[in-house]
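A short worksheet on the structure shown next.
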Amino acid sequence: MSRRSGFASSALRYYDSLGLITSTRTAGSQRRYERGVLRRLAFIRAARNVGLTLEEIAAALATLPQGRTPTKADWSKLSRGWRERINEQILALESLRDQLDSCIGCGCLSMRTCAFSNPDDELADRGPGARNLPGRLRAAEAG
1318 MSRRSGFASS ALRYYDSLGL ITSTRTAGSQ RRYERGVLRR LAFIRAARNV
1368 GLTLEEIAAA LATLPQGRTP TKADWSKLSR GWRERINEQI LALESLRDQL
1418 DSCIGCGCLS MRTCAFSNPD DELADRGPGA RNLPGRLRAA EAG
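Numbered per the working numbering, the sequence shown spans residues 1318 to 1460.
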């Protein structure tokens, strides 16, 4: 499953422990996964790329029907809520892209107001890296 899905074996075990995917064990204690787990893993990868947390992913997967393989309609319904989140990320990234010609020396990424919002690099006290990321990008940084 690791080779087919592109996930490390440790990630598969972790997702299994969280209940995001399920496996059975052989007599030799090897994990075996049903084919439908590949779809769940593809969903997990897509959801992580959109910025969903593992908790949000677990809640979304919990809405899928039990006892049958989810249909295309089930998956479509599940991902429909991502549209607004993706649009917000696109706007934040476009704004960042459009401002990259300005000063980024301090790492605060507040290009228009850098001299006002971070004089003498006061944001360095908050830790390394960019401290004034646009809101939507800040959420992705934490995830």
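Virtual Cβ for every residue (Gly too), placed ideally from N, Cα, C.
Among the options, nearest to residue i - alpha-carbon criterion
| i | options | result |
| --- | --- | --- |
| Arg1356 | Ser1334, Glu1373, Val1367, Asp1391 | Asp1391 |
| Val1367 | Ser1346, Ser1322, Thr1386, Ile1403 | Ile1403 |
| Gly1336 | Arg1320, Val1354, Thr1343 | Val1354 |
| Gly1285 | Ile1407, Ala1364, Glu1372 | This structure cannot settle anything about residue 1285, because the visible part of the chain is limited to 1318 through 1460. |
| Ser1393 | Ser1322, Leu1378, Ile1338 | Leu1378 |
| Ile1338 | Phe1360, Ala1344, Asp1415 | Phe1360 |
| Ala1375 | Glu1405, Thr1388, Tyr1332, Ser1412 | Tyr1332 |
Beta-carbon gap between residue i and residue j smaller than 9 Å
| i | j | result |
| --- | --- | --- |
| Leu1329 | Leu1358 | yes |
| Thr1471 | Arg1352 | One cannot answer for residue 1471 here, as it falls past the ends of the chain, which runs 1318 to 1460. |
| Phe1324 | Arg1385 | no |
| Leu1395 | Leu1381 | yes |
Supposed contact pair residue j and residue i - C-beta distance, whole angstroms, cut 8 Å
| i | j | result |
| --- | --- | --- |
| Ser1314 | Ser1319 | Look at the range of the chain in this structure, 1318 to 1460, and you will see that residue 1314 is not part of it. |
Any beta strand (DSSP E) of 3 or more consecutive residues that is wholly inside the segment 1318–1403: none
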